[in-house]
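When you line the sequence shown up against my numbering, it's residues 228 to 597, in that order.
Here a beta-carbon is modelled for each residue, glycine too, at the ideal position from N, C-alpha and C.
Working notes, structure below.
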Amino acid sequence: MILQSLEAVNFRNYAHLSLTLSPYITILVGQNAQGKTNILESILMLSLAKSHRAGRDSEMIRWGEEFASVTGQVVRQQRTYELNLKILNRGKKVRVNQIEKRRISDFIGHLNVVLFAPEDLQLVKGAPQTRRKFLDVELGQINPQYLHNLVQYQRVLQQRNNLLKDAESLDSRLSEMLSVWDDQLVEYGSRIVTKRVEFVHKLQMHAAEIHRQITSEKESLELSYQCVLLENGRSLEAVKEYFRQQLVARRKEDFRRGITSTGPHRDDIEVQIDSKNVQVYGSQGQQRTAALSMKLAEIELIRQEVGEYPVLLLDDVLSELDEMRQLHLLESMGQKVQTLITTTMTYGLDEMMREKAVVYRVSQGTIEKM
Ligand SMILES: Nc1ncnc2c1ncn2[C@@H]1O[C@H](COP(=O)(O)OP(=O)(O)OP(=O)(O)O)[C@@H](O)[C@H]1O
Numbered sequence: 228m229i230l231q232s233l234e235a236v237n238f239r240n241y242a243h244l245s246l247t248l249s250p251y252i253t254i255l256v257g258q259n260a261q262g263k264t265n266i267l268e269s270i271l272m273l274s275l276a277k278s279h280r281a282g283r284d285s286e287m288i289r290w291g292e293e294f295a296s297v298t299g300q301v302v303r304q305q306r307t308y309e310l311n312l313k314i315l316n317r318g319k320k321v322r323v324n325q326i327e328k329r330r331i332s333d334f335i336g337h338l339n340v341v342l343f344a345p346e347d348l349q350l351v352k353g354a355p356q357t358r359r360k361f362l363d364v365e366l367g368q369i370n371p372q373y374l375h376n377l378v379q380y381q382r383v384l385q386q387r388n389n390l391l392k393d394a395e396s397l398d399s400r401l402s403e404m405l406s407v408w409d410d411q412l413v414e415y416g417s418r419i420v421t422k423r424v425e426f427v428h429k430l431q432m433h434a435a436e437i438h439r440q441i442t443s444e445k446e447s448l449e450l451s452y453q454c455v456l457l458e459n460g461r462s463l464e465a466v467k468e469y470f471r472q473q474l475v476a477r478r479k480e481d482f483r484r485g486i487t488s489t490g491p492h493r494d495d496i497e498v499q500i501d502s503k504n505v506q507v508y509g510s511q512g513q514q515r516t517a518a519l520s521m522k523l524a525e526i527e528l529i530r531q532e533v534g535e536y537p538v539l540l541l542d543d544v545l546s547e548l549d550e551m552r553q554l555h556l557l558e559s560m561g562q563k564v565q566t567l568i569t570t571t572m573t574y575g576l577d578e579m580m581r582e583k584a585v586v587y588r589v590s591q592g593t594i595e596k597m
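See the structure below:
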């Protein structure tokens, strides 16, 4: 799919931004704090209706203004969509082809993007939460039902935890109330688990192949979804049954600790190279290469799921990768995936790419074609 153009009003440090993108490579070059990442963030908002870095949506409204708006023209499967997202101090509104959508999940999924930012190099090394977020963001943008289940699961989990924290004793009344939440937790949670298992399995196939190429066939990468609820099998029914059993079995412990100790909010992806856990034994370079392989695999996976390549956003990462990995990234993606790159300098970039790319200079919330 192609993002043809982008317009933003009062978004971060842009009073007004209007950008025509190359179907191949667009490079945004500028010094620090000029507004390069802000542009990628606005594109992410069109894709996920959520920023990768803002705590609250209202942070993205230009200081002193009442609202921010982002509009993009997307071509996918030979159809053009106009996506518009308006952020107000209270809430946001989304439109597709000028028709307002009441549910955000009806907006998400028109534009698929994969963002690769410096913090993603922590994907392997970081805490399990980082890998769960990776799963949720990627699955969420290709599967609206997953997103729905996730939102519901988090809501129920929060309520259950509040109940556990506030309760004074584990009496029959509390048990009864917990059972009500458990039913819902099992319903939503089991669906999340089975989708994640399937996703990691597919991701593994692509990531292993990419990793093999990047390391010139020297290393073999393996990903596996770590979840205690898979003890009795991977089918939805098996997960549901085991999840229910575990919630009951751990009720005392949960009450004592004031939290829910089992469920997909505790899961992880194990990353191995040559059968050794990379989080524990991998060098920094191996951890980075594994993270890169996972991210690039995501691109292939989205293509498989939605029938087209997503738009790739590379936020200042080229300088973080050595030449071999940079080359692989650009060679494998540059030809077939629409790519936006932010960088503080162009001289480190591949010659061929610079010739093909559309380059904009970004300076204090304004852009100029070079
Ligand atoms: N709500 C806002 N209103 C106005 N300006 C903002 C707002 N939020 C952030 N900014 C400004 O945006 C700029 C940061 O932009 P951005 O994060 O895109 O930088 P960048 O060009 O990617 O820099 P770097 O190379 O350091 O990552 C800062 O100058 C910041 O003050």
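Practice problem: Any chance you could list the alpha helix (DSSP H) runs of at least 4 consecutive residues sitting entirely within the stretch 234 to 313, in chain order? | Solution: Runs found: 263 to 275.
Quiz prompt | For residue 343: DSSP bridge partner residues | solution = Checking the DSSP bridge columns, you'll see residue 343 partnered with 541.
Practice problem: Please confirm whether any heavy atom of ligand 1 lies closer than 7 Å to the CB of residue 597. | Solution: Answer for residue 597: no, Cβ out of range of ligand 1.
Quiz item: Just to check, is the beta-carbon of residue 288 closer than 7 Å to a non-hydrogen atom of ligand 1?
Solution: A heavy atom of ligand 1 is found nearer than 7 Å to the CB of residue 288.
Quiz item: So does residue 282 have its beta carbon nearer than 7 Å to some heavy atom of ligand 3?
Solution: This structure does not include ligand 3; its bound ligands are ligand 1.
Practice problem: Report the option in 272, 477, 336, 277 whose CA atom is closest to the CA atom of residue 302. | Solution: Ranking the options by Cα distance to residue 302, first place goes to 336.
Quiz prompt | residue 263: CB within 7 Å of a non-hydrogen atom of ligand 1 | solution = Yes, Cβ of residue 263 sits closer than 7 Å to a heavy atom of ligand 1.
Exercise. Return helix, strand or coil for residue 594, following the three-state DSSP convention.
Key: In the three-state DSSP reduction, residue 594 falls in the strand class (E or B).
Quiz item: So is the beta-carbon of residue 543 under 7 Å away from any non-hydrogen atom of ligand 1?
Solution: Correct: residue 543 has its Cβ closer than 7 Å to ligand 1.
Self-check item: C-alpha distance - residue 307 paired with residue 229, whole-angstrom precision
Solution: Rounded to the nearest angstrom, the two C-alpha atoms are 9 Å apart.
Quiz item: To the nearest whole angstrom, what separates the beta carbons of residue 543 and residue 355, a pair I think is in contact under 8 Å?
Solution: For a cut-off of 8 Å, the C-beta gap from residue 543 to residue 355 is around 26 Å, too long to register as a contact.
Practice problem: Report the rounded CA-to-CA distance for residue 420 versus residue 435, giving the unit in angstroms. | Solution: Rounded to the nearest angstrom, the gap between the Cα atoms of residue 420 and residue 435 is 22 Å.
Quiz item: How would you label residue 408, buried or exposed, when you count the other beta carbons within 10 angstroms and need 16 or more for buried?
Solution: Residue 408 comes out buried.
Quiz prompt | Span of the beta strand (DSSP E) around residue 444 | solution = For residue 444, there is no enclosing beta strand (DSSP E), as DSSP marks it with neither H nor E.
Quiz item: Per the contact definition of three or more C-beta pairs closer than 8 Å, is the stretch 446 to 464 in contact with the stretch 491 to 503?
Solution: Touching, yes.
Exercise. For residue 506, count neighbouring C-beta atoms within 10 Å of its own C-beta (all shown protein chains included) and say buried if the count is 16 or more, exposed if not.
Key: Per the 10 Å Cβ criterion, buried.
Exercise. Could you pull the start and end residues of the beta strand (DSSP E) that residue 568 belongs to?
Key: Per DSSP, residue 568 belongs to the beta strand (DSSP E) from 566 to 570.
Self-check item: 7 Å Cβ shell around residue 514 - same chain, five flanking residues per side excluded
Solution: So the list reads 351, 352, 505, once near-sequence residues are dropped.
Quiz prompt | Distance, residue 589 Cα to residue 207 Cα | solution = Summary: the structure shown does not reach residue 207, with the chain confined to residues 228 through 597, and so no result is reported for it.
Quiz prompt | Proximity below 8 Å, CB of residue 540 to CB of residue 340 | solution = Against a cut-off of 8 Å, the Cβ pair of residue 340 and residue 540 comes out as a contact.
Quiz item: To which residues does DSSP link residue 503 through a beta bridge?
Solution: DSSP lists 500 as the bridge partner or partners of residue 503.
Quiz item: With C-beta atoms as the reference, is residue 571 less than 8 Å away from residue 316?
Solution: Not in contact: residue 571 and residue 316 (Cβ atoms no closer than 8 Å).
Self-check item: Exposure label - residue 326; buried when at least 16 CB within 10 Å
Solution: Under this definition residue 326 is an exposed residue.
Practice problem: On a CA-only basis, which of 275, 265, 494, 380 is nearest residue 332? Give me that one, please. | Solution: The option with the nearest alpha carbon to residue 332 is 275.
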